[in-house]
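Take a look at the structure below.
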Amino acid sequence: MSQSAVFVIPEAPAPVQVGEGPQAKKPPRQIRLGILDNSKGNADHLLAMIVEMVKAEVQVASVLSLRKPTAGLPAPAEILDQLTREVDCVVTAMAD
Amino acid sequence: MSAFAQQLMSKGVALEARDDFQTVNDLYLERGWSDGLPIVPPSAERVEQMLAYCDRPWDEPVAKIPPRWGEATPIRLAANAVMAGCLPEYFPLIMLAIEAMCEESFNLYGIQATTHQCAPLIVVNGPVARELDINAGHNAFGPGRRSNATIGRAIRLALLNIGGATPGSCDMSTFGSPAKYSYCVAENEALSPWEPLHVERGFPADSSTVSVFGAEGPHNINDHESVSGVGILKMVAGTVAITGTNNVTLPGGDPLIVFGPEHAATVARDGFSKADVKRYLYEHTQVPFTHFSDEYIERRMKTLYPERFARDGMNARAPMAGSPEEFAVIVLGGSGKHSAFIPTFGHTPGVTRALKRRDGSYASSVKDFLRK
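Shown next as structure tokens:
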């Protein structure tokens with residue numbers, strides 16, 4: 007009969023998120039909505055539908071729509087900075 | 035239980051199970067820690083043997099692997115290397131390859147998560163390739179050599195288990211690729227008429243390096259008829275200049291041209307340096323706009339190349355790379371009148387890293403790497 011032995015776990019756990027998190031902030035009465043388009047065909051259509059759905063649920067003060075130059079790379083710092091400055095939350099979508 | 039095993043258990047990085055091949059395989063498969071093939075059970079003893087070839091503490095991260103951003107510690111990498119069937123002496127190259135592909139410029143997040151079918155291809159240069167018996171000759175992309183097969187598999191297991199590239203959730207590749215099981219070769223420097231890849235990229239000839247590319251599988255270029263360098267290059271260019279690759283719309287991705295030694299000898303004999311080859315390919319692989327669909331031109335090509343379209347209209351052509359230098363050229367394989375084109379993910383240049391000791395000095399071999 008086989009005995010037990012010790013085996014190494016090959017998996018890394020997901021990093022633990024630190025910081026306040028969005029739930030720590032009181033949501034504003036009206037949100038400034040950010041839209042990040044991944045630049046693939048149909049992302050704009052999908053996001054436009056999502057904006058309408060969000061508007062039906064909450065008061066939206068403004069919508070800022072930005073588009074990544076290319077789908078395969080992360081959004082450049084300028085886009086992320088602008089979203090950080092000018093909106094309360096961001097909806098992003100990939101659409102192939 | 036050994037002291038090492040006790041230490042691992044106390045740190046929560048190991049588990050206890052029945053010491054039985056089938057039991058461990060079933061357990062690891064059930065937990066998603068597998069590529070689907072049977073694994074070598076990563077016992078504490080086997081992992082400890084692997085770590086004898088590591089130059090840092092077993093819990094000191096080498097890198098963080100996206101998309102999960104899991105910490106690639108030596109202990110986890112060693113477990114994956116054991117599972118893949120690696121010999122312990124392969125371990126320094128595995129750590130080096132992981133470091134290389136986690137450089138930000140390589141965009142591993144995109145490569146892991148994309149719907150494209152790319153996988154990191156590992157190209158080894160320098161004395162370590164001979165030392166570890168990495169195949170650079172006949173059937174180098176295929177089966178038969180333990181080093182190629184298991185180094186590549188260890189990388190894939192690490193990308194799955196540490197990086198979280200689970201098919202269908204974080205790895206969204208439409209097709210996947212056989213290259214996602216294992217993709218590791220050495221350049222055939224002995225039969226290359228040109229400077230090898232690592233020398234071209236500024237490393238000493240006697241250094242040992244790993245280069246990584248976000249690559250599709252190789253597409254063969256069969257040319258048994260051309261007897262001149264320009265003839266072979268024309269056939270290569272004709273194979274490269276196609277509409278469906280990422281390279282034609284995402285420049286900066288080091289499209290990889292793999293010359294078989296016989297083709298390379300003919301091209302070099304006719305006076306083409308590597309730089310000449312790249313210039314030829316840049317000029318002769320530009321794809322006419324007329325080869326693309328009307329929708330593709332309207333929605334993609336006009337946006338991507340507005341100046342070319344304004345100047346040439348439908349006579350405009352789209353390059354496969356942003357510049358001649360972006361083409362990567364290596365020599366590989368055995369005898370036969372074949373070369374290969376490896377399209378890449380695009381927008382993500384290949385990265386080359388040298389094997390070094392912790393003091394920063396080059397290590398030409400694993401033996402040299404271990405020297406105190």
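Line by line, the protein sequences are chains G and W.
With the working numbering as the guide, the letters of the first sequence map in order to residues 7 to 102.
With the working numbering as the guide, the letters of the second sequence map in order to residues 35 to 406.
We treat Cβ as the ideally placed atom computed from N, Cα and C, and that holds for glycine.
#### Entry: Reference D288/W; option with closest CA among E359/W, A309/W, T337/W and A302/W
E359/W
### Task
Return the CA-CA distance between L79/G and Q146/W, expressed in angstroms with no decimal places.
12 Å
#### Entry: At least three beta-carbon pairs within less than 8 Å, the region 77-90 of chain W to the region 114-133 of chain W
yes
### Query
Where do the ends of the alpha helix (DSSP H) carrying L267/W lie?
G263 to V274
### Query
Do the region 384-393 of chain W and the region 228-248 of chain W make contact, defined as three or more Cβ pairs closer than 8 Å?
yes
### Message
Let me check you understand the geometry: is the CB of Q56/W closer than 8 Å to at least one non-hydrogen atom of the ligand SAM?
### Response
The model on display carries no ligand, and the ligand SAM is accordingly not part of it.
### Task
Step through the CB atoms of chain G and report whether any lies within less than 9 Å of the CB of R187/W.
no
### Message
With a threshold of 9 Å between beta carbons, is R159/W in contact with chain G?
### Response
The amino acid occupying residue 159/W in the given sequence is Asn; Arg does not appear at that position. With 9 Å as the cut-off, N159/W does not count as an interface residue toward chain G.
### Message
Relative to the C-alpha of I276/W, which candidate in E259/W, D167/W, R342/W and H253/W has its C-alpha closest?
### Response
H253/W
### Query
If the cut is a Cβ gap below 9 Å, which residues of chain G does W67/W touch?
Neighbours of W67/W on chain G, chain order: I15, P16 and E17.
### Query
What first and last residue would you give for the beta strand (DSSP E) that runs through S407/W?
One cannot answer for residue 407/W here, as it falls past the ends of chain W, which runs 35 to 406.
### Message
In whole angstroms, give me the CA-to-CA distance for A397/W and L166/W.
### Response
14 Å
### Task
Using a Cβ-Cβ cut-off of 9 Å, state whether R179/W counts as contacting chain G.
no
### Query
Taking the continuous beta strand (DSSP E) assigned at I156/W, which residues delimit it?
For I156/W, the enclosing beta strand (DSSP E) has its first and last residue at A153 to N159.
### Query
Going along the chain, which residues of its own chain have a beta-carbon closer than 8 Å to the beta-carbon of P91/W, five neighbours each way excluded?
P108
### Query
In chain order, what residues of the region 65-84 of chain G put their CB closer than 9 Å to some CB of chain W?
Here the close residues are T76, A77, G78, L79 and P80.
### Query
Using a Cβ-Cβ distance under 9 Å, would N281/W count as near chain G?
no
### Query
If you draw a straight line from the C-alpha of K371/W to the C-alpha of H297/W, how long is it?
6 Å
#### Entry: Cβ neighbours of R313/W in the same chain (closer than 6 Å, five flanking residues each side left out)
P358
#### Entry: Buried or exposed by the 16-neighbour rule on C-beta atoms within 10 Å, applied to E329/W
By the neighbour-count rule (16 or more Cβ atoms within 10 Å), E329/W is not buried but exposed.
### Task
Can you grab the Cα-Cα spacing for the pair L111/W / P16/G, in whole Å?
7 Å
#### Entry: Residues bridged to Y396/W [DSSP beta-bridge criterion]
Paired residues: K390/W.
### Task
Could you tell me which chain G residues have their CB closer than 9 Å to the CB of N141/W, listed as they occur along the chain?
G78, L79 and P80
### Query
Which residues in the same chain as E223/W place their Cβ atom closer than 6 Å to its Cβ, once the five residues preceding and following it in sequence are excluded?
P230
### Task
Can you say whether E250/W is buried or exposed, counting buried as having 16 or more other CB atoms within 10 angstroms of its CB?
buried
### Message
For the region 109-120 of chain W, list every residue whose C-beta sits within 9 Å of some C-beta in chain G, in sequence order.
### Response
I109, R110, L111, A112, A113, N114, V116 and M117
#### Entry: CA-to-CA distance, C218/W to G384/W, given in whole angstroms
14 Å
#### Entry: Residues near R408/W by beta carbon distance below 8 Å, same chain, minus five either side
For chain W, the structure presents residues 35 to 406; residue 408/W sits outside this window and is missing.
### Query
Could one say the Cβ of V22/G lies closer than 9 Å to chain W's Cβ atoms, at least one of them?
no
### Task
Using a Cβ-Cβ cut-off of 9 Å, state whether V97/G counts as contacting chain W.
no
### Task
Say whether chain W places a C-beta atom closer than 9 Å to the C-beta of A49/G.
no
### Message
Please list, in chain order, the chain G residues whose beta carbon lies closer than 9 Å to that of I196/W.
### Response
P16, E17 and A18
### Message
Distance cutoff 9 Å, beta carbons only. Does M35/W sit that close to anything in chain G?
### Response
Yes - at least one Cβ of chain G is within 9 Å of the one on M35/W.
### Task
With DSSP as the reference, please indicate the residues paired to P201/W in a beta bridge.
D205/W
### Task
Less than 8 Å between the CB atoms is what I'm expecting for L366/W and A174/W, so what's the real figure, rounded?
6 Å
### Same chain, Cβ closer than 6 Å to F343/W, five either side skipped, listed in chain order
K336 and A350
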